[in-house]
């Protein structure tokens with residue numbers, strides 16, 4: 005069960021990254037095109053790992069699979085950033101959190117030709133984890149629109165496809181080799197955004213896309229996000245194929261950490277982040293955390 009611990013640590017780091025992402029998308033970074041471009045381009049730093057990861061070169065089909073998986077991950081981020089920019093987080097995140105693990109479960113079942121199926125207690129743990137994830141991110145006062153659902157479903161599917169493709173990459177390749185090839189695929193996908201009007205304008209016309217302070221925040225966030233991403237991929241590599249959807253379902257833990265950070269920041273630094281925390285909200289969050297804990301116990305034992 006080492007993969008559970010690694011996944012939990014990765015979601016702790018992702019919680020911090022999520023706070024900074026929201027700040028950057030609200031102002032300093034103008035849109036999802038330019039943000040996805042920079043995230044993809046930062047894959048070039050993965051090339052520094054080549055001496056450690058290319059002890060053996062995989063076959064052509066495996067290289068194509070890894071490149072495709074990396075490219076899909078960037079396009080998934082683009083759809084996700086687009087949804088975050090256009091709609092409230094409370095509309096997008098619960099939908100993705102609930103749908104993504106289901107997509108992964110179905111895709112694993114299809115790709116394994118029905119060989120990977122969960123038992124009763126595993127399905128029960130899965131239900132508890134998803135329920136907790138949706139509940140901890142849900143805000144009832146926010147209406148859900150058809151467009152927000154469409155973007156959320158598309159993002160969830162692309163993220164799920166990334167997870168499943170990544171798992172098959174790690175099944176056939178050593179971890180670092182597969183990871184490097186997928187990041188190269190992400191780099192190539194990032195380059196594709198150079199052909200969009202928004203990115204060209206930001207890079208070659210405007211000179212204020214990245215102020216020095218914003219650049220430092222972005223770079224630091226990318227380092228932290230990269231560390232979280234490596235840990236998450238390590239969990240994907242370790243988890244049995246039939247349990248892959250649980251790596252998605254465990255994402256509710258990220259929002260537990262996020263809730264703790266938000267409560268701390270809103271109380272200590274209200275000028276930076278102000279969050280409404282009522283008794284009703286606290287009860288909802290505590291119930292969600294209880295569901296996640298029950299799911300974790302069922303999964304672990």
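In the working numbering, the protein residues as written are 5 to 305. Glycine is no exception: its CB is placed at the ideal position from the N, C-alpha and C atoms.
Q. Nearest to residue 7 by alpha carbon, out of 265, 190, 230 and 254?
A. 254
Q: Could you pull the start and end residues of the alpha helix (DSSP H) that residue 62 belongs to?
A: Note, residue 62: premise wrong, no alpha helix (DSSP H); not H, not E.
Q | Pick from 234, 40 and 24 that is closest to residue 199, judged by C-alpha positions | A | 40
(Q) My parser needs the beta strand (DSSP E) runs of 3 or more residues fully inside the stretch 237-270; what are they? (A) none
**Q.** Supposed contact pair residue 249 and residue 109 - C-beta distance, whole angstroms, cut 8 Å
**A.** 4 Å
Q | Separation of residue 24 from residue 126, as counted between CA atoms | A | 34 Å
Q | Span separating the alpha-carbon of residue 212 from that of residue 63 | A | Bear in mind that the predicted position of residue 212 carries a pLDDT of just 49, short of 50, making it unreliable; the figure below should be weighed with that in mind. Distance between the alpha carbons of residue 212 and residue 63: 44 Å.
Q: For residue 61, count neighbouring C-beta atoms within 10 Å of its own C-beta (all shown protein chains included) and say buried if the count is 16 or more, exposed if not.
A: exposed
Q. Which value, in whole angstroms, describes the spacing of the CA atoms of residue 67 and residue 287?
A. 48 Å
Q. Got a sec, what are the start and stop residues for the alpha helix (DSSP H) residue 126 sits in?
A. 124-141
Q. For residue 316, which residues of its own chain have a beta-carbon under 7 Å away from its beta-carbon, when the five flanking residues on both sides are left out?
A. Here the chain covers residues 5 to 305 and nothing more, so residue 316 does not appear.
**Q.** 8 Å CB neighbourhood of residue 262 in its chain, flanking five on each side removed
**A.** 19, 22 and 23
Q. Can you tell me the Cα-Cα spacing of residue 180 and residue 284, whole angstroms?
A. 46 Å
Q: Tell me whether residue 305 sits in a helix, a strand or coil according to DSSP, three-state version.
A: coil
(Q) Please identify the residue among 247, 264, 227 and 197 whose C-alpha is closest to the C-alpha of residue 44. (A) 197
Q) Count the other CB atoms within 10 Å of the CB of residue 264; is the residue buried (16 or more) or exposed (fewer)? A) exposed
Q) If we ignore side chains and look at the alpha-carbon of each, how far apart do residue 235 and residue 193 end up? A) 22 Å
**Q.** Whole-Å CB distance - residue 182 paired with residue 70, under 8 Å assumed
**A.** 6 Å
Q) What is the DSSP secondary structure of residue 91, counted as helix, strand or coil? A) coil
**Q.** Close beta carbons around residue 242, own chain, < 8 Å, minus the five adjacent residues each side
**A.** 6, 7 and 10
(Q) Buried or exposed for residue 154, going by 16 or more other Cβ atoms inside 10 Å? (A) exposed
Q.
Would residue 75 and residue 190 qualify as a contact pair, given that the criterion is a beta-carbon distance under 8 Å?
A. yes
Q | Spatial distance of residue 229 from residue 17 (CA atoms) | A | 7 Å
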